[in-house]
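Trainee: Each number in my numbering comes from the position in the sequence shown (counting from 1) with 1 added on. We put the beta carbon where it would ideally sit given N, CA and C, even for glycine. Pasting in a structure now, in structure tokens, and then I'll have a few things to ask.
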Amino acid sequence: MSNPWEEIDLNDYESHMSLENVYQLQTMNQMMKEQFYTYSVESIMILGVAGGNGLEHLSKDHFRTVYGVDINSNYLDECRKRYPELEGAFDTICVDLLSDDLNLPYSDLLVANLLIEYIGYECFQRVVKLVKPKHVSCIIQINTEKSFVSETPYLHVFDRLDEVHHQMEENALIRHMQEIGYTEELMKERDLPNGKKLVRIDFAK
């Protein structure tokens with residue numbers, strides 16, 4: 002069976018995420034700018050890059066290589082169309098991170114925003130060990146309600162995500178990263194309008 006993320010239309014996803022009562026697209030955009038420039042790095046890998054939210058903050062003057070990784074090839078096509086100024090530095094990788102024969106290049110900084118929720122802690126450990134980054138910056142969603150998807154007109158689009166969703170918890174992520182040799186170096190929280198919150202946790206090798 003296909004992964005649900007291969008079937009979700011990008012416009013539906015971004016429209017849902019940007020609604021006033023969700024406001025995740027805008028909040029993530031601000032947080033990603035901070036993620037990109039906290040550390041002195043030349044290469045960045047963004048897991049679950051989707052339509053490229055946040056890529057406008059990147060410049061070829063600052064970064065030699067930016068990898069955009071996603072399971073949905075249509076998302077990656079849209080990324081390349083939206084950010085032609087990154088041509089020559091932006092490299093897209095279409096891959097299922099859950100696949101057995103996963104192979105990913107090295108990157109100084111690994112960014113995983115609202116991504117670990119859909120692959121689980123153990124798979125994320127495997128990805129980190131493959132990429133071998135100096136820094137890892139994650140944003141996870143902490144839910145105060147039973148549903149992890151907010152009520153919007155686009156709710157039906159995400160019906161199948163229950164198949165792959167994992168509930169996130171800050172201490173559990175920190176513990177799993179410690180198991181593979183990464184220590185927490187930063188934690189920041191941003192509240193969302195619907196009672197949920199986004200938590201950024203950074204790690205260093």
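In whole angstroms, what separates the C-alpha of F91 from that of V50?
Mentor: When rounded, the distance between both Cα atoms is 12 Å.
Trainee: Quick one: what does DSSP say I140 is sitting in, helix, strand or coil?
Mentor: Here I140 sits in strand by DSSP.
Trainee: Can you tell me the Cβ-Cβ gap for I120 and K197, rounded? I've got them flagged as a contact below 8 Å.
Mentor: No, I120 and K197 are not in contact; Cβ-Cβ is about 20 Å, not under 8 Å.
Trainee: Just how far apart, CA to CA, sit I72 and Q179?
Mentor: C-alpha separation (whole angstroms): 27 Å.
Trainee: Assign T28 to one of two classes, buried (16 or more other C-beta atoms within 10 Å of its C-beta) or exposed (fewer than that).
Mentor: Counting Cβ neighbours within 10 Å, T28 comes out buried, since at least 16 surround it.
Trainee: Around the C-beta of Y38, are 16 or more other C-beta atoms found within 10 angstroms, so that it is buried, or is it exposed?
Mentor: It counts as exposed.
Trainee: Apart from the five residues on each side of it in sequence, which residues of its chain come closer than 6 Å, Cβ to Cβ, to E190?
Mentor: Excluding residues within five positions, the ones whose Cβ falls inside 6 Å are K198 and V200.
Trainee: Between which two residues does the beta strand (DSSP E) holding N114 run?
Mentor: Run containing N114: L110 to N114, per the beta strand (DSSP E) assignment.
Trainee: By Cβ distance, which residues of its chain are closer than 6 Å to Y122, with the 5 residues on each side in sequence left out?
Mentor: Excluding positions up to five away in sequence, the list reads H177.
Trainee: Considering Cα atoms alone, identify which of I141, H63 and D78 is closest to Y192.
Mentor: At residue 192 the sequence reads Asp, which differs from the Tyr that was named. The shortest C-alpha separation from D192 is found at I141.
Trainee: K206 to P134, Cα distance in whole Å?
Mentor: Whole-angstrom Cα-Cα distance: 8 Å.
Trainee: Just the Cα atoms here: how many angstroms apart are L194 and E15?
Mentor: This sequence places Pro at residue 194; Leu is not what is there. P194 and E15: Cα-Cα distance of roughly 17 Å.
Trainee: For G89, is the classification buried or exposed, using 16 other Cβ atoms within 10 angstroms of its Cβ as the cut-off for buried?
Mentor: Exposed, because fewer than 16 other Cβ atoms sit within 10 Å of the Cβ of G89.
Trainee: Please look up how many angstroms separate the CB atoms of S44 and S108, rounded, as I've assumed it's under 8 Å.
Mentor: With a Cβ gap of about 5 Å, S44 and S108 count as contacting.
Trainee: Please return the same chain residues whose Cβ sits closer than 7 Å to the Cβ of A173, not counting the five positions on each side in sequence.
Mentor: Taken in chain order, the residues that qualify are Y122.
Trainee: Within 10 angstroms of the Cβ of Q36, are there 16 or more other Cβ atoms? Answer buried if so, exposed if not.
Mentor: Its Cβ being crowded by 16 or more others within 10 Å, Q36 is buried.
Trainee: Which residue marks the beginning of the beta strand (DSSP E) containing R191, and which one marks its end?
Mentor: T184 to D192 is the span of the beta strand (DSSP E), which, as asked, contains R191.
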